[in-house]
Amino acid sequence: MQMWTAVIPVKRLGAAKTRLRGAVPADRHPELALAMVCDTAAAVLSTAAVAELLVVTDDPEVRAAVRELGARVAADPGGGLNAAMRFGADEVAGRSAHRAVLAGDLPALRPEQLDEALRRAAGRAFVPDAAGIGTVLLAVPAGPALDPRFGGPSAAAHAGSGAALLRGDWPGLRQDVDTAADLDAVVRLGAGERTCGLLRELGRATVCAPAA
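Heads up, the sequence shown is in numbering that gives the first Met the number 0, so the first residue is 0 and it goes up one at a time.
Set out below in structure tokens:
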């Protein structure tokens, strides 16, 4: 079985998920962002095909939380999301590894969904988000540069750059969280325990769908 190094870039919590502001009280917003990162990281670390998770961040709370889960941490080099992904994947992990960069806001991710997607990635390949506009996963085998095109209509940008589109029934992998409606969607899918617990505490969810 081919093993992968997964890379997740994470902004400082105070600047994370600006479009989601208002979905929970303002003083709990950083806590929600961290809960989603931790649920994503836990699922990635439980994926059979993932040998290591590398989180690229400068946020001290994120560093401590993901290290406790078992991830390795690298400092954000600056320059934005794509620069963080390139640094983590091509420089820290190294181009001799099979690398997969993921969004850090996939709290309904199931390890078996990520495992299946990675097994299908024969070359540089991507998984679009639930809307089909953005990208939640970009995978590249040993050798080539990652060449990430995240931001805006990144699914089209990745397809245009030659990456193969990966198709599968992976709702938890494809559902990132940018808006309050997205948050409701992950609750229906079954958010991870940290995200679900916080939303129940805040009265936003009475029950989260069970993991499937």
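All C-beta atoms in this analysis are idealised placements derived from N, C-alpha and C, irrespective of residue type, glycine included.
Where the alpha helix (DSSP H) through residue i begins and ends
| i | result |
| --- | --- |
| PRO29 | 28-44 |
| ALA82 | 80-85 |
| LEU197 | 192-200 |
| ARG119 | 110-119 |
| SER153 | 153-159 |
One or two residues paired with residue i in a DSSP bridge
| i | result |
| --- | --- |
| PHE125 | LEU137, LEU164 |
| ILE132 | According to DSSP, which records beta bridges pairwise, ILE132 is partnered with nothing at all. |
| LEU53 | VAL6, ARG71 |
Helix, strand or coil at residue i [DSSP, three-state]
| i | result |
| --- | --- |
| VAL100 | strand |
| THR178 | coil |
| ASP58 | coil |
| ARG11 | coil |
| ASP146 | coil |
| LEU188 | helix |
| VAL65 | helix |
| PRO170 | helix |
| VAL105 | With the sequence shown as reference, residue 105 is identified as Leu, and Val is not the correct amino acid for it. Note: LEU105 maps to coil in three-state DSSP. |
| VAL91 | helix |
| ARG203 | coil |
| ARG18 | helix |
| ALA25 | helix |
| ALA211 | Any reading at ALA211 needs caution, since the residue's pLDDT is 43, under 50, leaving its predicted position unreliable; the model's value is listed next. Of the three classes helix, strand and coil, the one that applies to ALA211 here is coil, per DSSP. |
Beta-carbon separation (whole angstroms), residue i vs residue j, contact threshold 8 angstroms
| i | j | result |
| --- | --- | --- |
| ALA99 | ALA138 | 4 angstroms |
| ALA116 | LEU172 | 6 angstroms |
| GLY103 | VAL9 | 5 angstroms |
| VAL54 | ALA34 | 15 angstroms between Cβ atoms; not a contact. |
| VAL36 | VAL61 | 6 angstroms |
| GLY131 | ALA154 | 6 angstroms |
| VAL206 | TRP169 | Actually they are not in contact, since the Cβ atoms of VAL206 and TRP169 sit about 23 angstroms apart, beyond 8 angstroms. |
| ARG94 | ALA141 | 7 angstroms |
| THR194 | PRO106 | 4 angstroms |
| ARG18 | HIS28 | At roughly 11 angstroms, the Cβ-Cβ gap does not stay under 8 angstroms, so ARG18 and HIS28 are not in contact. |
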